[in-house]
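Below you'll find the structure, written out as structure tokens, and then a few comments.
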Amino acid sequence: MTLVNVVTMIGDDLTLIDKRLQSPGLSDADWQAFYALRKHLDDQQRQLVGKAIKEGDATYKNLTKQLTEASAQLKTTIKDLSKVSSAITIISQIAACVDQIGKLA
Amino acid sequence: MLAVDRRGAACVLLLPSVALLLGFQVACGPEDYQKPIKDFQDASSIVITATEAFLNNMNTIEQNKLLDEMVFEKKPLNLPELDSVEIISPEEIRLRTDALSALTQYTANLGALASGSAGSAVADSTKKCSSSLKDLADDAKKLPGAKGTPLASAKFSGLASAAATAIGTVAQLMVEKKARREIADSVVENDAAVTALIEQIRTDATLAYERQRNQLGEYGDELAKDYSDELKRNPDPILMLSFTQTVKAYRTQQSQLKAANPAEAIDKMSKAHRALVAYVQSNKNPTTFGQLVTAVQQFESAARLLNLAIPEKAAAK
């Protein structure tokens, strides 16, 4: 997976979060939690664009695998209002993964 | 003339129905390549304008975000600080759009080559495409910036230089008036360097598009929050009506942007270019001509969608 693929995957995750934020049903606290994570992920995406990362690195490959899995989980979880806290945990995992990828620069 | 007569006779003999005859006459005629090449050039113009706008907007988006932060944190307004936020410089943008222009001209010249009408003007023009790309590669080399980043000038310089050499090789054969087959073989052999440069510009456009897409999504989040907050108060009907208009405009922008990823249009441009290379190699085979027409049509429709979502029209919020 290239860095550009990672940037696109984060973009897809952000779109999923936007859909949740733009739908009714979230408490104010949950809305704020999603929004704060969204802002963080958005900042991370912007920073990645300016980073030089070795895409062939084994750690990079492992992290992108984790990112792909977490993004797939988010896709199914975020639609379900009864799983808000799980979705928040998954987004935090995604952000942690992206943070680790950024540190490979 | 004899060749034309033979070709015409072959068309008449081989095709049983009038519809098929008409179709093949289009492919057999001397002007057959001009329509798809003209369409390719028109679609390329849109892609170049859109790519430039999307890349420019990369800076505007981040500057607007910083402005929002300044306002939110009640900091003094610092316009020079806003200007200093630059993801991609105007010079880096120019290099990419100029490279697309040179590649478009090269593709058009291949069309002339395929039709057998590549004279000295086409050879000179191809040579000029090569030297333009060489200049762009040299200019990119002089630019600062970290190596290895997705937008690195060093990487762009290397790819532009390789494409310049590839096109230069083809141009030289044209200048020396080598046999059409020899030139066609050279076009095919050297095309990987040309498509690699298109691919790099596609990558840059992907990054710009992603930032634009996310910025618009965030704007939608804020709209949804404002609407929901207003509902919790005693909603002002006039304000609610105004919200409706804003949400409608947002949805229009969203649907236009969704359908107008410049990277997808550049991908279609690359496919149309490759279809033309295949046509050059096939020596006017009607099947490859049909594939070229289809590829150009697909490129054209992607460019039309892109035209609707050029960031000046769907302005950054």
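Note that the protein sequences, when read in sequence, are chains C and B. When we follow our numbering, the leftmost residue of the first sequence carries the number 5, and every step to the right adds one. When we follow our numbering, the leftmost residue of the second sequence carries the number 720, and every step to the right adds one. C-beta atoms are modelled at their ideal positions from N, C-alpha and C, and glycine is treated no differently. In this text, all values refer to a predicted model and were calculated from it rather than measured experimentally.
CB contact flag (residue i, residue j, <8 Å)
i: GLN1000 of chain B; j: ALA881 of chain B; result: no
i: VAL996 of chain B; j: VAL894 of chain B; result: no
i: ILE15 of chain C; j: ASN933 of chain B; result: Per the sequence presented here, residue 15 of chain C reads as Gly, with Ile not at that position. Contact flag set, yes.
i: GLN931 of chain B; j: ILE756 of chain B; result: no
i: ASN1026 of chain B; j: ALA827 of chain B; result: no
i: LEU785 of chain B; j: LEU798 of chain B; result: no
i: ALA859 of chain B; j: ALA879 of chain B; result: yes
i: CYS25 of chain C; j: ARG50 of chain C; result: Strictly speaking, residue 25 of chain C in this sequence is Leu, with Cys absent from that position. No, they are not a contact pair.
i: LYS987 of chain B; j: GLN919 of chain B; result: no
i: GLY29 of chain C; j: LEU85 of chain C; result: yes
i: ALA979 of chain B; j: VAL1015 of chain B; result: no
i: LYS55 of chain C; j: THR914 of chain B; result: no
i: LEU1024 of chain B; j: GLN972 of chain B; result: no
i: ASP32 of chain C; j: VAL88 of chain C; result: no
i: GLY1040 of chain B; j: ARG899 of chain B; result: Because chain B here runs from 720 to 1036, residue 1040 of chain B falls outside it and cannot be looked at.
Among the options, the one whose alpha carbon lies nearest that of residue i
i: HIS44 of chain C; options: C:THR6, C:THR72, C:THR68, C:ILE21; result: C:ILE21
i: PHE759 of chain B; options: B:GLU949, B:LEU870, B:THR823; result: B:THR823
i: VAL10 of chain C; options: C:ILE92, C:ILE82, C:SER86, C:SER75; result: C:SER75
i: ALA37 of chain C; options: B:ALA968, B:ASP940, B:LEU960, B:ASN1004; result: B:ASP940
i: TYR938 of chain B; options: B:SER803, B:LEU862, B:LYS967, B:GLU1019; result: B:LYS967
i: ALA912 of chain B; options: B:ARG993, B:GLU901, B:ARG952; result: B:ARG993
i: ALA100 of chain C; options: C:TYR39, C:GLN48, C:SER27, C:VAL8; result: C:GLN48
i: ALA837 of chain B; options: B:CYS848, B:LYS896, B:GLU788; result: B:LYS896
i: LYS944 of chain B; options: B:PHE962, B:ILE957, B:PRO956; result: B:PHE962
i: THR12 of chain C; options: C:GLN104, C:SER96, C:VAL53; result: C:VAL53
i: ILE812 of chain B; options: B:ASP910, B:ASN909, B:LEU870; result: B:LEU870
Own chain residues within Cβ distance below 7 Å of residue i, not counting five before or after
i: GLN77 of chain C; result: ILE94
i: ALA1022 of chain B; result: ALA762, ILE765, VAL766, ALA984
i: LEU108 of chain C; result: ILE57, LYS58, ASP61, THR63, TYR64
i: ASP46 of chain C; result: LEU18
i: ALA856 of chain B; result: SER876, ALA879, SER880, ALA883
i: PHE773 of chain B; result: ALA924, ALA927, TYR928, GLN931, PRO981, PRO1030
i: LEU960 of chain B; result: none
i: SER905 of chain B; result: THR888, VAL889, LEU892
i: THR965 of chain B; result: LEU942
i: LEU741 of chain B; result: Caution is warranted here: a pLDDT of 39 is assigned to LEU741 of chain B, below 50, making its placement in the model unreliable, and the coordinate value is therefore given only provisionally. Cβ within range, chain order: n/a, list empty.
Sequence-distant residues of its chain with Cβ nearer than 6 Å to residue i (five each side left out)
i: ASN778 of chain B; result: GLU805, ILE806
i: ALA91 of chain C; result: THR81, ILE82
i: PRO749 of chain B; result: For PRO749 of chain B, the predicted model reports a pLDDT of 47, less than 50, meaning its position is unreliable; a value from the coordinates is still stated below. For PRO749 of chain B, where only same-chain residues beyond five positions count, there are no Cβ hits under 6 Å.
i: MET5 of chain C; result: THR68
Cβ-heavy atom distance, residue i to the ligand SAM, below 7 Å
i: LEU822 of chain B; result: Inclusion of the ligand SAM in the displayed structure is not the case, the ligand content being empty and no account of it being possible.
Cβ-based neighbour list, residue i, same chain, cut-off 8 Å, excluding 5 preceding and 5 following
i: ILE98 of chain C; result: ILE14, ASP17, LEU45, LEU71, ALA74, SER75, LEU78
Unbroken alpha helix (DSSP H) runs of length 4 or more, entirely within the segment 912-955 of chain B: which are they?
none
Length at least 4, wholly inside the segment 817-864 of chain B: the alpha helix (DSSP H) runs in chain order
839-861
Counting pairs of Cβ atoms below 8 Å between the segment 846-854 of chain B and the segment 810-823 of chain B, do you hit three or more?
Touching, yes.
Where are the alpha helix (DSSP H) runs, 4 residues long or more, that stay fully inside the segment 994-1028 of chain B, in chain order?
1005-1027
Secondary structure, alpha helix (DSSP H): runs of 4+ residues fully inside the segment 748-809 of chain B:
753-791, 798-802
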